[in-house]
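In the numbering used here, the protein residues as written are 3 to 247.
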């Protein structure tokens, strides 16, 4: 456990997109602070149509799980495509069966691509919405009943500064992240009376001079912890003020 103490000690956190990037950083930060983990990622080396980079591999997900276990955490990991709602539901059930509860969810799975709004192929648009918006909704939908039954929980969505500022070439990303902002408000309102919170962390472009994945994970940790127990329905922008420049 981190020398900074167990800010989420005894909690169970589910993280999608846990093999790389922000998802991996969030998983390990939560593990450092005492959370056991359910780790999900797509785990293929082939490309999803219209995505110009290879997706996370099973080996990368295993590496995240191994590092979390080295911190003393219990980990359940599964290869899941967030576009598959049935597979997500099965993974959530497996995690709860193994670990006993589900207190935190971080739907961090997402893809990147670039294209002007007026020239973008429809397939590229649909892939972005299917993964970065519908996949996020399906993740939150899968975890919400567990949290409602417990009477507690925190869903920390990963949004984007693109929901606050337009950038050429990213209309499809902005549309998905505006949708995520709507999900935050809807889940926060609908789950309020059940003791379940919903917030988002909205990072700017990662890397100098902007934030790192670790900076995003620190904000996620705060919103996942009891330190933010009176906070719901909010967005925390982590962008070093770049949206104003």
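Using N, Cα and C, we set each Cβ at its ideal position, and we do this for glycine too.
In this text, all values refer to a predicted model and were calculated from it rather than measured experimentally.
Run of the alpha helix (DSSP H) containing residue i, from where it starts to where it stops
i	result
residue 224	215 to 226
residue 160	No alpha helix (DSSP H) contains residue 160, which is instead part of the beta strand (DSSP E) from 155 to 160.
residue 24	23 to 34
residue 131	124 to 131
residue 180	173 to 193
Own chain residues within Cβ distance below 7 Å of residue i, not counting five before or after
i	result
residue 181	135
residue 178	130, 131, 134, 135
residue 148	94, 98, 104
residue 54	115
Boundaries (first-last residue) of the beta strand (DSSP E) holding residue i
i	result
residue 109	106 to 109
residue 88	Residue 88 -> not in any beta strand (DSSP E); alpha helix (DSSP H) instead, spanning 87 to 101.
residue 236	Per DSSP, residue 236 belongs to no beta strand (DSSP E) and is neither H nor E.
residue 80	77 to 81
Test item: CB-CB of residue i and residue j under 9 Å
i	j	result
residue 201	residue 235	yes
residue 30	residue 73	yes
residue 219	residue 238	no
residue 33	residue 39	yes
residue 204	residue 161	yes
residue 226	residue 158	yes
residue 188	residue 176	no
residue 44	residue 82	yes
residue 35	residue 11	yes
residue 140	residue 87	yes
residue 155	residue 191	no
residue 80	residue 70	no
residue 166	residue 119	no
Spatial neighbours of residue i in its chain, beta-carbon cut-off 8 Å, leaving aside the 5 residues before and after
i	result
residue 231	199
residue 3	Note that residue 3 has pLDDT 41, beneath the 50 cutoff, so the model's placement of it is unreliable and the number below is only indicative. Cβ within range, chain order: 11, 34, 35, 36, 73, 74.
residue 123	52, 117
Three-state secondary structure (DSSP) of residue i
i	result
residue 113	coil
residue 199	strand
residue 10	coil
residue 118	coil
residue 40	strand
residue 59	coil
residue 147	helix
residue 73	coil
residue 15	strand
Cβ shell of residue i (< 6 Å), same chain only, five flanking positions each side left out
i	result
residue 172	164
residue 46	57
residue 144	90, 91, 94
residue 8	35, 36
residue 14	38, 101, 103, 104, 105
Below-9 Å beta-carbon distance, residue i vs any chain D residue
i	result
residue 130	The structure shown contains no chain D; it holds only a single protein chain.
Any 3 or more C-beta pairs closer than 8 Å across the stretch 96 to 110 and the stretch 14 to 23: yes
Cβ contact check for the stretch 112 to 120 and the stretch 88 to 101: 3 or more pairs under 8 Å: no
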